[in-house]
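Per the working numbering, the sequence shown runs over residues 272 to 699.
For each residue, glycine too, the CB sits at the ideal point set by N, CA and C.
Reviewing the structure listed below.
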Amino acid sequence: METGSFTATEGAPSEEIRITIEQRSFNYDDYRQTIEYGRNFDLYLPLLNAAMDNEWEVAEDFIKSHTDSVEVPITVCGRTALHIAAGAGSSEFVLKLVERMPIEAFELKDNYDGNTALHLAVIAGLSKAVKVLVQKNRNLTRICNKKGLNPLLNAAVHVNVEHREIFRFLCGVMKDEEPSNFQDHPGAHLICSIARAGLYELAYTLIREHPSLATAREDDGTTMLDVLAQKGSARRPASARRSAVYFQLSPTQQYKFIDEPSTFLQKQLYRSPLNRAFRSERLRSTIVIPELVKIVFEQISLMNKKDMFHFFFNSSLPITAAKTGSIEILKMCISTYPDQLWFPREGRNILQLAIENRQEQTFSYLYGHMNADEKILTTRIVDPNGGNTLHVAAKIVPCFRVNSSPVFQMETEIDWFKGTTCFRKNDK
272 METGSFTATE
282 GAPSEEIRIT
292 IEQRSFNYDD
302 YRQTIEYGRN
312 FDLYLPLLNA
322 AMDNEWEVAE
332 DFIKSHTDSV
342 EVPITVCGRT
352 ALHIAAGAGS
362 SEFVLKLVER
372 MPIEAFELKD
382 NYDGNTALHL
392 AVIAGLSKAV
402 KVLVQKNRNL
412 TRICNKKGLN
422 PLLNAAVHVN
432 VEHREIFRFL
442 CGVMKDEEPS
452 NFQDHPGAHL
462 ICSIARAGLY
472 ELAYTLIREH
482 PSLATAREDD
492 GTTMLDVLAQ
502 KGSARRPASA
512 RRSAVYFQLS
522 PTQQYKFIDE
532 PSTFLQKQLY
542 RSPLNRAFRS
552 ERLRSTIVIP
562 ELVKIVFEQI
572 SLMNKKDMFH
582 FFFNSSLPIT
592 AAKTGSIEIL
602 KMCISTYPDQ
612 LWFPREGRNI
622 LQLAIENRQE
632 QTFSYLYGHM
642 NADEKILTTR
652 IVDPNGGNTL
662 HVAAKIVPCF
672 RVNSSPVFQM
682 ETEIDWFKGT
692 TCFRKNDK
């Protein structure tokens, strides 16, 4: 039996979307109207409970004696039995129920959020149910809820790795719909949500098919590159179980890589299916993310100089990459548009932000790619409080970089400060 659950979007904590009771809408007039029409919802209580508990035999007996119950709301919130079963993650129940329902009844919306059963089935991760509903009624993908979101865009709020198959299916069947789900703000919302959830291969495919997604911005200006930068560097783990992992990004790009555990403890850990799945996902990310970053910068490189300037000048991407140590993204930023090294960012340049956040790789890369005069100039750029680069290096270490050992932390901080004094040597 296929079941599903509601899972919050993965990604940076600041990007999490939480839905509270206060944010949901409930139309009291609709509720009052149903009462005025004399509908007795207590009559449908057996069907409601059966849909929630995935008890099809009980529901089937009730439907035989109440044939209209499959196509009318059975709760004061306007939800049908199909809504209830989809929301409860009862895939088998949904598949049997749709065979008893008229196709137009699939389009009924609840009074809560204006969702159809398809909205709820996508969120719950019911891949078989989603495919059957869409195949029986193609109009379902075009129906929007009270927030103006169709099932694909609404599910992007809740997407996670387990939804990979559903998203591939919906993106395929909805690719030619108008208005497009893959352009402007809707497209940005979709591609950023997919990247936050770690569905990098899907993101790669979508950008190949819809190149404008590479630089599309959400309402707050966030692009997919910002999302990847927030996650920090994708590093391949030192060792893994003996396995071959295959995946294909395009007809001409196929990958296989093999890793082997180096210790007895690692071998024991990788016997767990959960650990194996996690390991596989991590390994895939180390290959896919660089390819994803590469195709995004291919699109950026096609911009004219003016558009490229505005893209980087209005972006927080270099700041985020410098803070989180997303060295590969930062390298591509600098190589694509070198002048952004000197754009003012929060009162400092990128190098100073790397120093403040103790990002050794970022600091080494930037320092190694600066001319002698640029290194001298950097030491003389002051922050709003009149401090130079050494003042930045002497600041208290950010909490996310604190080591559990106070002694080791102190030694690390001393070494870090000494390392940044190379600027002063070049200034003599």
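Where residue i falls: helix, strand or coil (DSSP)
| i | result |
| --- | --- |
| Tyr315 | helix |
| Val428 | coil |
| Met495 | helix |
| Tyr636 | helix |
| His481 | coil |
| Gln501 | helix |
| Glu562 | helix |
| Val245 | Because the chain is modelled from 272 through 699, residue 245 falls outside the range shown and cannot be assessed. |
| Gly349 | coil |
| Pro450 | coil |
| Pro422 | helix |
| Ser336 | helix |
| Val343 | coil |
| Asn575 | coil |
| Phe568 | helix |
| Asp610 | helix |
Residue i versus residue j - alpha carbon distance
| i | j | result |
| --- | --- | --- |
| Asn408 | Phe377 | 8 Å |
| Ala592 | Asp384 | 37 Å |
| Asp497 | Glu448 | 28 Å |
| Ile605 | Glu599 | 10 Å |
| Gln632 | Ala500 | 15 Å |
| Phe440 | His354 | 21 Å |
| Gly419 | Phe364 | 28 Å |
| Ala388 | Leu379 | 8 Å |
| Asn410 | Trp327 | 27 Å |
| Lys399 | Leu366 | 8 Å |
| Leu484 | Ile478 | 6 Å |
| Pro422 | Asn325 | 23 Å |
| Ile345 | Asp332 | 16 Å |
| Leu319 | Phe614 | 60 Å |
| Arg435 | Leu473 | 8 Å |
| His456 | Asp490 | 7 Å |
| Val444 | Asn452 | 11 Å |
| Leu622 | Ser587 | 14 Å |
| Lys417 | Val329 | 33 Å |
| Cys442 | Ala466 | 15 Å |
| Val405 | Ile414 | 12 Å |
Option nearest residue i by Cα separation, candidates the options
| i | options | result |
| --- | --- | --- |
| Val341 | Asn320, Leu368 and Glu363 | Leu368 |
| Ser362 | Ser336, Asn386 and Leu391 | Leu391 |
| Lys577 | Pro589, Thr557 and Tyr608 | Tyr608 |
| Val567 | Phe634, Gly503, Thr494 and Ile626 | Thr494 |
| Met323 | Pro561, Leu601, Leu588 and Gly360 | Gly360 |
| Tyr471 | Gly492, Val444, Asp455 and Lys565 | Lys565 |
| Ser464 | Lys446, Pro450 and Phe438 | Phe438 |
| Asn386 | Lys335, Glu569, Thr338 and Thr412 | Thr412 |
| Ile462 | Met641, Leu563 and Ile414 | Leu563 |
| Asn382 | Leu397, Thr351 and Gln406 | Thr351 |
Limits of the alpha helix (DSSP H) - the one that residue i falls within
| i | result |
| --- | --- |
| Ile590 | Leu588 to Thr595 |
| Leu624 | Ile621 to Glu627 |
| Cys415 | Here Cys415 belongs to no alpha helix (DSSP H), and DSSP marks it neither H nor E. |
| Thr607 | Ile598 to Thr607 |
| Arg435 | Arg435 to Val444 |
| His460 | Asp455 to Arg467 |
| Phe364 | Ser362 to Val369 |
| Lys399 | Ser398 to Lys407 |
Cβ neighbour criterion (16 or more within 10 Å) applied to residue i
| i | result |
| --- | --- |
| Val432 | exposed |
| Leu222 | What is shown of the chain runs 272 to 699, which leaves residue 222 out entirely. |
| Glu370 | exposed |
| Ser597 | buried |
| Gln611 | buried |
| Ile394 | buried |
| Phe584 | exposed |
| Ala594 | What sits at residue 594 in the sequence shown is Lys, not Ala. Buried. |
| Glu375 | exposed |
| Lys502 | buried |
| His481 | buried |
| Pro264 | As displayed, the chain neither begins before 272 nor continues past 699, which places residue 264 out of reach and without an answer. |
| Thr486 | buried |
| His429 | buried |
Residue i CB to nearest heavy atom of the ligand MN below 6 Å
| i | result |
| --- | --- |
| Gly396 | The ligand content of the structure shown is nil, which means the ligand MN is not present either. |
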